[in-house]
Every structure is written in structure tokens, then in C-alpha cells.
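Asks: The structure's right below; bear with me while I get my questions together.
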Amino acid sequence: MASAGSVAELASQLYDACAEHPDSDRAWYQGALLDLNIIPKGPNEIELLLQCTQSLVDQKLFRLLETQNKRLAWRIVSREDAEKLSNLNPDESLVFSVIHSSARVGIWTRNIQTRTGLHKTIMDRCIKSLESKNYIKAVQNVKFPSRKMYMLAGLAPSEDVTGGAWFTDGALDSTFISSVADYLEYTISDKSWYKVPEHGRNKRVKTASGKADVKLESGEPSYLPHPPNYPDYPTVQELTNIVNSSGLTPVQLSEDKVLQLLNLLVFDHKITAMPDGNSYKALKNPQMVKQKKQGEPDLPHKPVKSLGENGMTEGPCGRCPSFRLCSPGAAISPETCEYFDPWMQNVLGF
1 MASAGSVAEL
11 ASQLYDACAE
21 HPDSDRAWYQ
31 GALLDLNIIP
41 KGPNEIELLL
51 QCTQSLVDQK
61 LFRLLETQNK
71 RLAWRIVSRE
81 DAEKLSNLNP
91 DESLVFSVIH
101 SSARVGIWTR
111 NIQTRTGLHK
121 TIMDRCIKSL
131 ESKNYIKAVQ
141 NVKFPSRKMY
151 MLAGLAPSED
161 VTGGAWFTDG
171 ALDSTFISSV
181 ADYLEYTISD
191 KSWYKVPEHG
201 RNKRVKTASG
211 KADVKLESGE
221 PSYLPHPPNY
231 PDYPTVQELT
241 NIVNSSGLTP
251 VQLSEDKVLQ
261 LLNLLVFDHK
271 ITAMPDGNSY
281 KALKNPQMVK
291 QKKQGEPDLP
301 HKPVKSLGEN
311 GMTEGPCGRC
321 PSFRLCSPGA
331 AISPETCEYF
341 DPWMQNVLGF
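In UniProt numbering, the protein residues as written are 1 to 350.
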């Protein structure tokens, strides 16, 4: 049998090897511990390993557990948690271990009682003692708001517990969601429309001597849509970075969270997804979006009365979003229009 000094030294080396392993939080079976090559090979290696693991269990650095396949294994405990456990009585230590095993999910008090087998009065006393020592904390689960749940004080609850960025104190924060969605709509709109420079805002009018360009008075800005092949509409990744750097959110939003809001804006007919599936453009220019936010909101999907059609609106030109960019010989021109031929064939029969 190995001496107490050699067992203590080997146990310390065994713990350090487990803690430094990339998968340190795993369930350590006997074979995996031997594969660390800390325990000397020989006929007594199993006996020596068990002495080391028992020493670590006594020091609260190892926790013995039984896996689903009824095999015994060990899980390491941090030195900080081991120090906490050494200051607890057996009942408190048992409750702490059960709460510790729940990690960032937390555990319901009823499940704590079931797993520990303690009387409710004793369990409540243990929980109160652990809370007073700041070892554990109560958490509210948005899925089960009426349940009293606990987790380690030093851990942050997972999104499954808190509901993620859209929840505040366990309640859906609709004001925050609306503000981020409005910011996204305006940002997308600003990148979806071309703002006409002041010096380019002229209007051709008739004069006594013919026609002349008259500069329009400064007022509301004028916007034009980008051409159909415009490649720089904002992507999910770009929008996520913009929102996170805006200071609007107290937490960093993931691309999945931003995508949820983008899908909401698409459903509300405020933006549209581009064919690439990763970028978006706004249906209203920035000035219209700004006016919309300042005025009364419309009822969703409010029906619009038909004004009928005339020669201008019936033809492709009157409904073309690139009408003001179209001119003979340009990138967008009547010669390259893909709508004329189908329209003439359908309406005029040739």
C-alpha cells in the first residue's frame, strides 16, 4: 500500500491533470483517469487510483456520481467550490452539490427535495443558509415563472431561463423590442435609398424663351431608389454590428436575435428580403420612416382604396421604382427594359 505522502502527491497531480484537460467538466471514468498517466503502471494501479480519488473526494475536490449506465465516475470540483463545501454541514453540502449540478439552468426546489431526500423544513433551512453565505441565488425562469429555482451565485442564467435579450426581469420588454426594430428599419432605409444632393434638385419648366432648369427650394430631402442590381444593401452581419455598436442595447445581440426582428419587419411589410437571403432593403425612404415614427401609426394591413388606372399607371414606366433613373443609353434605359415586351404582348397583342 502506498504511503500517505505519495497518495496525496499523486492525488494533487491527478486533480491538476483533470482540471487542465480541455474537457475537464466531463464524467471521469476509471479508464480515463488511468489514461492521464499520473498513476504508475503496475499490478496495484487500480488500488492506488482508488486511494487517490478517495483522497480527492474527502477534500471535496472530486464528486462521486453514478451515471445512467450504472457505472461509477467522478467529476472535478473547483478549488473555490471545494472550499465552500468544506465549510458546510452534510445537509448543506448535499443541497449545494445538487444545485451545483444544475449549472446555468438552475433547479426547482421540488427537484432539490426529490434528489436530496431531505425533509422540506431541513431543505429550506439549508437553502436559506447557502443564500446568506452568497453561495447560491434565486432565479426566475420565464417558462415557469411560478417556480422557485436556484443556481450558483457566481453563474449567469442561460437564455432558456431569462428569455434572452428580449426579457427584462422575467417579462417581455416590448418597449425595448420596438425601439430596436425602429432603429433597424431606419438604418436599412438609410442604406436602401439614394439621397439627391441639393445642387442636383432642379426642375425643368417652360419659360417665354423656351425651357430652363429651375433649382428647387430647400425643404424635405429627396430620395431615389437604387438600381435593381444594387449590391450594397445591408446584411444581417452588418446590421448586428451596427446595433451592437449603437449603445442602444445593454447586452450584445446575436445575429439570431437581430434576424428575429428582421423577420418581424418583413412580416409587417416595412422591409423586404433580397434574393440572396442575407440582405434587406426598406420599402420607405428615411424621410417617410421618420415621419411615420412621429405621427400616428396606421392599422396593420389597412386596405387601400383603388384609384383606378390610367395610361401612365397601366404601363410599366408608371410603376417602375427606377423610373427617375431611366434614360436612353444609361445602365437603366428603355432599350434594356425587361418589362416592355411582356406588357406589349399581354396588353397590345404584339
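Using N, Cα and C, we set each Cβ at its ideal position, and we do this for glycine too. In this text, all values refer to a predicted model and were calculated from it rather than measured experimentally.
What did DSSP end up calling residue 200 once you bin it into helix, strand or coil?
Replies: Interpretation of residue 200 is limited by its pLDDT of 49, a score under 50 that renders its predicted location unreliable; no figure is taken from the coordinates.
Asks: Looking at residue 286 and residue 221, is the spacing between their C-beta atoms short of 9 Å?
Replies: Going by beta carbons, residue 221 and residue 286 fall inside the 9 Å limit.
Asks: Going by DSSP in three states, residue 149 sits in which element: helix, strand or coil?
Replies: Three-state DSSP puts residue 149 in a strand.
Asks: Verify whether the separation of the beta carbon atoms of residue 149 and residue 122 is less than 9 Å.
Replies: It is not a contact, given that the beta carbons lie outside the stated cut-off.
Asks: How many whole angstroms separate the CB atoms of residue 279 and residue 223, which I take to be in contact at a CB cut-off of 8 Å?
Replies: With a Cβ gap of about 19 Å, residue 279 and residue 223 do not count as contacting.
Asks: Which whole-angstrom value describes the C-beta separation of residue 162 and residue 142, a residue pair presumed to lie in contact below a C-beta threshold of 8 Å?
Replies: Between residue 142 and residue 162 the Cβ distance is about 7 Å, and since that is below 8 Å, they are a contact.
Asks: Do the region 60 to 75 and the region 17 to 29 meet, that is, are 3 or more Cβ pairs less than 8 Å apart?
Replies: yes
Asks: Here's the rule I'm using: 16 or more other beta-carbon atoms within 10 Å means buried, otherwise exposed. How should residue 192 be labelled?
Replies: buried
Asks: Taking residue 343 as the reference, which of 183, 318, 329 and 186 has the closest Cα?
Replies: 318
Asks: Which residue's Cα is closest to the Cα of residue 326: 227, 255 and 78?
Replies: 227
Asks: Taking residue 261 as the reference, which of 17, 69, 168 and 185 has the closest Cα?
Replies: 185
Asks: Taking the continuous alpha helix (DSSP H) assigned at residue 75, which residues delimit it?
Replies: That residue, residue 75, is in no alpha helix (DSSP H); its beta strand (DSSP E) goes 72 to 76.
Asks: With a threshold of 16 other CB atoms inside 10 Å of the CB of residue 291, please say whether the residue is buried or exposed.
Replies: exposed
Asks: Closest by CA to residue 56, which one among 83, 37 and 68?
Replies: 83
Asks: Please return the same chain residues whose Cβ sits closer than 6 Å to the Cβ of residue 299, not counting the five positions on each side in sequence.
Replies: In this prediction, residue 299 scores a pLDDT of 46, lower than 50, which makes its location untrustworthy; the coordinate-derived value is nonetheless stated afterwards. Contacts found: none.
Asks: Go ahead and pull the three-state DSSP assignment for residue 270.
Replies: Look at residue 270 here: in three-state DSSP terms it is coil, with no helix or strand label.
Asks: Got a sec, what are the start and stop residues for the beta strand (DSSP E) residue 38 sits in?
Replies: No beta strand (DSSP E) holds residue 38; DSSP gives it neither H nor E.
Asks: Identify whether residue 96 lies in helix, strand or coil by the three-state DSSP scheme.
Replies: helix
Asks: Sort 236, 73 and 7 by Cα distance to residue 271 and report the nearest one.
Replies: 236
Asks: Taking just the CA atoms, how far does residue 168 sit from residue 7?
Replies: 51 Å
Asks: Going by the CB atoms, is the gap between residue 92 and residue 129 shorter than 9 Å?
Replies: yes
Asks: On a CA-only basis, which of 77, 105, 98 and 102 is nearest residue 113? Give me that one, please.
Replies: The shortest C-alpha separation from residue 113 is found at 98.
Asks: Counting C-beta neighbours from all protein chains within 10 Å, is the total for residue 189 16 or more, i.e. buried, or is it exposed?
Replies: buried
Asks: Pull up the distance between the alpha-carbon of residue 145 and that of residue 44, whole angstroms please.
Replies: C-alpha separation (whole angstroms): 54 Å.
Asks: What span of residues does the beta strand (DSSP E) with residue 62 cover, start to end?
Replies: 62 to 66
Asks: Where do the ends of the alpha helix (DSSP H) carrying residue 343 lie?
Replies: 340 to 343
Asks: Can you list, in chain order, the residues of its chain with a C-beta nearer than 8 Å to that of residue 274? Leave out the 5 residues immediately preceding and following it.
Replies: 233, 280 and 281
Asks: With a CB to CB cut of under 8 Å and the five nearest residues on each side skipped, what residues in its chain are close to residue 13?
Replies: 38
Asks: Is the distance from the Cβ of residue 18 to the Cβ of residue 34 below 9 Å?
Replies: no
Asks: Can you check which of these residues, 119, 21 and 105, is closest to residue 76 by C-alpha distance?
Replies: 21
Asks: What number of angstroms, rounded off, separates the C-alpha of residue 49 from the C-alpha of residue 132?
Replies: 37 Å
Asks: Which of the three DSSP states is assigned to residue 332 in this structure?
Replies: In the structure shown, the three-state DSSP call for residue 332 is coil.
Asks: Under 9 Å, do residue 243 and residue 175 count as touching if we go by C-beta distance?
Replies: No, these two residues do not count as a Cβ contact at 9 Å.
Asks: How would you label residue 240, buried or exposed, when you count the other beta carbons within 10 angstroms and need 16 or more for buried?
Replies: buried
Asks: At the level of alpha carbons, what is the spacing between residue 229 and residue 183?
Replies: 25 Å
Asks: Mark residue 267 as exposed unless 16 or more other C-beta atoms lie within 10 angstroms of its C-beta, in which case mark it buried.
Replies: That one is exposed.
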